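Peer 1: Going line by line, the protein sequences match chains A and B. Going left to right, the first sequence walks through residues 348 to 626 as the numbering used here numbers them. Going left to right, the second sequence walks through residues 36 to 354 as the numbering used here numbers them. For every residue, glycine included, the Cβ atom is placed at its ideal position computed from N, Cα and C. All values derive from a computational prediction rather than experimental measurement. For reference, the structure I am asking about is given below.
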Amino acid sequence: MTSTAPDLRNDQVAAIADKALWIRRRSFQMVYEAQQGHPGGDFSATDILATLYFGVLRYDPKKPRDPDRDRFVMSKGHCTGAFYSVLAAAGYFPEADLSTYMEPLSMLNGHPNRNYLPGVETNTGPLGHGLPVATGIAIAGQIDNADFRTFVLTGDGELQEGSNWEAALTCAHRKLENLTLIIDRNRLQQGARTEDTASLDPLDDKWRAFGWHVEMVDGHDHAQLLDVLSASPKGRGKPLCVIANTFKGKGVSYMHDNVAWHHGVPNKEQYEQAMRELV
Amino acid sequence: MSAAAPSKSGFFDCRDSFAATIEALAEADPRIVTVVSDSVGSSKLGNFRKKFPDRMVNVGIAEQTLVAVGAGLANGGKVPFVSAASCFITGRALEQVKADIAYSNVNVKLIGQSSGVAYGELGPTHHSIEDLAWLRLFNNMKLIVPADPWQTAEAIKAAAAHDGPVFVRVSRMAVPALERPEGAKFEIGKAETLVEGTDATIIANGTMVHRAVAAAKTLAAEGISARVVNMATVNPLDEAVIASAAETGAIVTVEEHSVRGGLGGAVAEVVATTNPVPMRILGFPGFVPTGSAEWLFDHFGLNEAGIADAVRQTIARKK
Numbered sequence: 348m349t350s351t352a353p354d355l356r357n358d359q360v361a362a363i364a365d366k367a368l369w370i371r372r373r374s375f376q377m378v379y380e381a382q383q384g385h386p387g388g389d390f391s392a393t394d395i396l397a398t399l400y401f402g403v404l405r406y407d408p409k410k411p412r413d414p415d416r417d418r419f420v421m422s423k424g425h426c427t428g429a430f431y432s433v434l435a436a437a438g439y440f441p442e443a444d445l446s447t448y449m450e451p452l453s454m455l456n457g458h459p460n461r462n463y464l465p466g467v468e469t470n471t472g473p474l475g476h477g478l479p480v481a482t483g484i485a486i487a488g489q490i491d492n493a494d495f496r497t498f499v500l501t502g503d504g505e506l507q508e509g510s511n512w513e514a515a516l517t518c519a520h521r522k523l524e525n526l527t528l529i530i531d532r533n534r535l536q537q538g539a540r541t542e543d544t545a546s547l548d549p550l551d552d553k554w555r556a557f558g559w560h561v562e563m564v565d566g567h568d569h570a571q572l573l574d575v576l577s578a579s580p581k582g583r584g585k586p587l588c589v590i591a592n593t594f595k596g597k598g599v600s601y602m603h604d605n606v607a608w609h610h611g612v613p614n615k616e617q618y619e620q621a622m623r624e625l626v
Numbered sequence: 036m037s038a039a040a041p042s043k044s045g046f047f048d049c050r051d052s053f054a055a056t057i058e059a060l061a062e063a064d065p066r067i068v069t070v071v072s073d074s075v076g077s078s079k080l081g082n083f084r085k086k087f088p089d090r091m092v093n094v095g096i097a098e099q100t101l102v103a104v105g106a107g108l109a110n111g112g113k114v115p116f117v118s119a120a121s122c123f124i125t126g127r128a129l130e131q132v133k134a135d136i137a138y139s140n141v142n143v144k145l146i147g148q149s150s151g152v153a154y155g156e157l158g159p160t161h162h163s164i165e166d167l168a169w170l171r172l173f174n175n176m177k178l179i180v181p182a183d184p185w186q187t188a189e190a191i192k193a194a195a196a197h198d199g200p201v202f203v204r205v206s207r208m209a210v211p212a213l214e215r216p217e218g219a220k221f222e223i224g225k226a227e228t229l230v231e232g233t234d235a236t237i238i239a240n241g242t243m244v245h246r247a248v249a250a251a252k253t254l255a256a257e258g259i260s261a262r263v264v265n266m267a268t269v270n271p272l273d274e275a276v277i278a279s280a281a282e283t284g285a286i287v288t289v290e291e292h293s294v295r296g297g298l299g300g301a302v303a304e305v306v307a308t309t310n311p312v313p314m315r316i317l318g319f320p321g322f323v324p325t326g327s328a329e330w331l332f333d334h335f336g337l338n339e340a341g342i343a344d345a346v347r348q349t350i351a352r353k354k
């Protein structure tokens with residue numbers, strides 16, 4: 348699917364894996380130091396973010412409002428540990444700034460603010476906002492016949508918000524092939540499993556029924572993510588929904604698939620154990 | 036569907052001004068697009084759609100997406116005018132207005148159509164007498180309530196020229212063209228004094244302004260000198276004009292909105308914290324009973340006689 352030569356592609360996948368490891372370690376340090384955050388969702392989204400920023404998106408961190416940039420909308424805006432880490436890794440601001448996470452007057456609010464931080468496209472936090480805004484961005488690109496792409500990452504519990512399904516209708520109606528929705532399908536929301544709360548399955552059928560092209564991937568497999576996200580959308584004639592099957596807390600044994608880590612914060616022993624495991 | 040007053044000679048539907056102005060602006064600026072939620076006809080944008088079919092985005096009956104798509108279009112370099120019934124574009128999509136437009140501080144123009152009680156007998160679900168109270172909390176959003184066709188056109192031009200979020204509240208109620216001095220200009224945040232006066236000041240906006248002018252004429256015949264200020268911009272307020280109004284010693288505000296949190300509330304915040312003088316806030320007390328818009332205006336004293344009475348009573352409270 349990708350046109351990159353095999354050796355280069357292997358190098359790229361390895362580089363993405365390195366970045367993902369760095370993001371997990373750095374975001375968990377942020378959460379530990381701030382004693383706040385959403386580390387479970389940070390970890391389920393990390394591999395998706397690393398793949399986007401180091402394998403897929405076209406951007407120049409020195410020109411964050413370049414009209415031709417690819418857009419990435421972080422709809423699951425509570426997962427700022429991972430989001431801010433990947434933005435720093437991509438060069439939007441100095442890594443040292445990450446140490447100010449949630450401090451008074453920090454640019455690094457608990458949820459992202461585009462007016463504070465370069466690389467943030469829209470202010471998110473309340474769920475169900477990212478896809479509708481991304482829809483508008485993609486429509487602007489469609490009107491101008493521009494070649495930038497728009498990506499949006501939502502949680503899965505977030506899909507219980509009706510606003511997503513309003514936007515889903517418009518995306519399909521307008522055949523927004525320049526839009527890609529990635530669902531971080533970790534199957535856990537804040538309080539319980541999605542399927543024990545307001546069921547989403549069969550999630551792929553729902554998106555197909557709404558007129559989308561659907562791909563299912565292992566959301567922790569960088570090669571799979573790279574293939575599906577970097578494939579050209581031209582001629583598909585439909586928006587793309589990538590259901591990335593993930594685990595909340597992926598990478599740390601005691602957090603793995605554990606709802607308690609939605610917004611759990613580590614004590615010193617837990618932090619040190621995580622750092623020993625994240626190597 | 037329309038419950039607007041029948042148009043009579045010399046009276047205008049300000050939606051026509053909105054539509055003509057947005058078409059002219061779009062001719063000159065390719066960035067301008069309109070966004071609607073099956074609200075083409077009620078926004079009088081049928082002609083815009085004919086002229087610029089690729090520059091109208093209709094998301095269907097989906098107000099959350101309506102407003103959010105506006106934010107996204109602005110991100111993509113467009114200047115979107117998002118137009119729908121004021122009750123729905125504000126109330127139904129309030130969190131999108133807050134997070135996607137105001138807090139994100141993007142260049143989106145929200146047009147609240149058929150505002151106030153224009154839908155009359157259709158009732159409070161379709162009235163928008165809460166919109167200004169909700170939106171006034173977003174400190175960076177300009178709020179404009181034009182009073183007549185000229186001011187509607189000027190407000191739309193000013194909204195297009197301003198880089199940032201703007202809400203323009205457009206009425207479908209028939210209003211006359213106000214008399215203004217030659218060369219009058221509209222500026223966001225600047226009120227206009229339509230009638231000079233020294234005994235009291237009536238501060239009105241939107242459909243209430245011409246009624247306030249009529250009330251001032253009634254009062255003048257009795258020897259009461261009432262100033263009339265058209266406070267078309269509710270955010271930011273023209274605080275200098277309010278300070279000057281307080282010097283007349285009595286203020287009556289009049290709006291096609293709830294008496295809570297709208298123009299009257301905004302003026303009262305300034306008056307109470309700077310130079311307290313007797314005030315009266317005219318508007319609707321809350322959900323209103325069944326009736327046409329004109330009937331509701333009369334029932335709640337939002338007419339020439341009611342405004343004049345309120346001025347007399349407020350002057351009587353002067354110390």
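Assess, as a yes-or-no matter, whether the segment 58-66 of chain B is touched by the segment 75-94 of chain B under the definition of 3 or more beta carbon pairs within less than 8 Å.
Peer 2: Yes: the two stretches touch, three or more of their Cβ pairs being nearer than 8 Å.
Peer 1: Compute the beta-carbon to beta-carbon distance between Asn338/B and Arg246/B, rounded to the nearest angstrom, for a pair I have assumed lies under 8 Å.
Peer 2: Indeed they touch by this definition, with Cβ atoms about 6 Å apart.
Peer 1: What would DSSP say about Lys585/A, mapped onto helix, strand or coil?
Peer 2: Three-state DSSP puts Lys585/A in coil, outside helix and strand.
Peer 1: At which residues does the alpha helix (DSSP H) containing Ala556/A begin and terminate?
Peer 2: Unbroken alpha helix (DSSP H) run through Ala556/A: Leu550 to Ala556.
Peer 1: If you measure beta-carbon to beta-carbon, which residues of the segment 122-148 of chain B are closer than 8 Å to chain A?
Peer 2: Listed in sequence order: Glu130, Gln131, Ala134, Asp135, Tyr138, Ser139, Asn140 and Val141.
Peer 1: What does the Cβ neighbour count give for Ser600/A, buried or exposed, with the cut at 16 atoms within 10 Å?
Peer 2: The residue in question, Ser600/A, is exposed, as its Cβ has fewer than 16 Cβ neighbours within 10 Å.
Peer 1: For Val94/B, decide whether its Cβ has a neighbour in chain A, counting only Cβ atoms nearer than 8 Å.
Peer 2: Closer than 8 Å: yes.
Peer 1: Out of curiosity, what's the CA-to-CA distance linking Pro292/B and Asp333/B?
Peer 2: In the sequence on display, residue 292/B carries His and not Pro. Cα to Cα, His292/B sits roughly 14 Å from Asp333/B.
Peer 1: Going by DSSP, what residue range makes up the beta strand (DSSP E) through Asn93/B?
Peer 2: Taken as a continuous stretch (DSSP letters only), the beta strand (DSSP E) holding Asn93/B covers Met91 to Asn93.
Peer 1: Pick out whichever of His197/B, Gly147/B and Ala351/B has its Cα sitting closest to the Cα of Ile67/B.
Peer 2: Nearest of His197/B, Gly147/B and Ala351/B to Ile67/B, Cα basis: His197/B.
Peer 1: Shorter than 8 Å from the beta carbon of Leu510/A to some beta carbon of chain B?
Peer 2: The residue you asked about is not Leu; residue 510/A is Ser in the sequence shown. It does: the Cβ of Ser510/A has a partner Cβ on chain B nearer than 8 Å.
Peer 1: Under a CB-based cut-off of 8 Å, is Met348/A close to chain B?
Peer 2: With a pLDDT of 47 at Met348/A, under the threshold of 50, the modelled position of that residue is not reliable, and no figure is offered here.
Peer 1: By DSSP, does Ala39/B sit in helix, in strand, or in coil?
Peer 2: Its pLDDT being 39, under 50, Ala39/B is placed unreliably by the model, and nothing is read from it.
Peer 1: On the CB-based measure, 16 or more other CB atoms within 10 Å of its CB, does Glu450/A come out buried or exposed?
Peer 2: Classification for Glu450/A: exposed.
Peer 1: Near Asp503/A, which residues of its chain fall below 7 Å by C-beta distance, leaving aside the five closest residues on each side in sequence?
Peer 2: Correct list, in chain order: Ile530, Asp531, Arg532, Asn533, Arg534, Thr541 and Leu547.
Peer 1: Would you say Arg496/A reaches chain B, if we count a Cβ-Cβ gap shorter than 8 Å as a contact?
Peer 2: Judged by the 8 Å Cβ criterion, Arg496/A is not in contact with chain B.
Peer 1: Quick one: using the 10 Å Cβ neighbour count with 16 as the cut-off for buried, is Phe322/B buried or exposed?
Peer 2: With fewer than 16 other Cβ atoms within 10 Å, it is exposed.
Peer 1: Where does the unbroken beta strand (DSSP E) through Lys177/B begin, and where does it stop?
Peer 2: First-last of the beta strand (DSSP E) with Lys177/B: Lys177 to Ile179.
Peer 1: Relative to the C-alpha of Gly424/A, which candidate in Val378/A, Gly596/A, Thr501/A and Trp608/A has its C-alpha closest?
Peer 2: The residue with the shortest Cα to Cα distance from Gly424/A is Thr501/A.
Peer 1: Would Gly107/B pass as a contact of Ala481/A if the rule is Cβ separation under 8 Å?
Peer 2: Taking 8 Å as the Cβ cut-off, Gly107/B and Ala481/A qualify as a contacting pair.
Peer 1: Per DSSP, which residues does Gly151/B bridge with? Please list them.
Peer 2: According to DSSP, which records beta bridges pairwise, Gly151/B is partnered with Ser163/B.
Peer 1: Within 8 Å of any Cβ in chain B, is that where the Cβ of Asn462/A sits?
Peer 2: Output row for Asn462/A: interface = yes.
Peer 1: Note down the Cα distance separating His569/A from Arg555/A, rounded to an integer number of angstroms.
Peer 2: Each residue's Cα considered, the two are about 24 Å apart.
Peer 1: Unbroken alpha helix (DSSP H) runs of length 4 or more, entirely within the segment 68-136 of chain B: which are they?
Peer 2: 81-86 and 98-110, all fully within the segment 68-136 of chain B.
Peer 1: Determine whether the Cβ of Val104/B lies closer than 8 Å to any Cβ atom of chain A.
Peer 2: Judged by the 8 Å Cβ criterion, Val104/B is in contact with chain A.
Peer 1: Is the Cβ-Cβ distance between Val114/B and Gly483/A less than 8 Å?
Peer 2: No, they are not a contact pair.
Peer 1: Strictly by DSSP, which residues pair up with Lys144/B?
Peer 2: In the DSSP output, where bridge partners are listed per residue, Lys144/B has Phe116/B and Val201/B.
Peer 1: For my contact list, Leu573/A and Ala591/A are in at a C-beta cut-off of 8 Å; report their separation, rounded to the angstrom.
Peer 2: The pair is not a contact, with the Cβ atoms about 12 Å apart (cut-off 8 Å).
Peer 1: For the segment 393-420 of chain A, which residues have a CB atom closer than 8 Å to at least one CB atom of chain B, in sequence order?
Peer 2: Taking 8 Å as the Cβ-Cβ cut-off against chain B, the residues of the segment 393-420 of chain A that qualify are Pro414 and Arg418.
Peer 1: Can you check whether the C-beta of Thr427/A is within less than 8 Å of a C-beta belonging to chain B?
Peer 2: No - not a single Cβ of chain B is within 8 Å of the one on Thr427/A.
Peer 1: Go ahead and pull the three-state DSSP assignment for Ser510/A.
Peer 2: Correct three-state label for Ser510/A: helix.
Peer 1: At which residue ranges does the segment 456-528 of chain A contain complete beta strand (DSSP E) runs of 3 or more residues, listed in the order of the chain?
Peer 2: As far as the segment 456-528 of chain A is concerned, its whole beta strand (DSSP E) runs of at least 3 residues are 497-502.
Peer 1: Using 8 Å as the Cβ pair cut-off and three pairs as the minimum, do the segment 43-52 of chain B and the segment 207-219 of chain B touch?
Peer 2: They touch, by the three-pair rule.
Peer 1: Less than 8 Å between the beta carbons of Asp146/B and Ser163/B, yes or no?
Peer 2: Checking the displayed sequence, the identity of residue 146/B turns out to be Ile instead of Asp. Their beta carbons are not under 8 Å apart, which means Ile146/B does not touch Ser163/B by this criterion.
Peer 1: Assign Ala545/A to one of two classes, buried (16 or more other C-beta atoms within 10 Å of its C-beta) or exposed (fewer than that).
Peer 2: Exposed.
Peer 1: Listing by chain order, which chain A residues have their CB less than 7 Å from the CB of Leu108/B?
Peer 2: The contacting residues are Gly483, Ile486 and Ala487.
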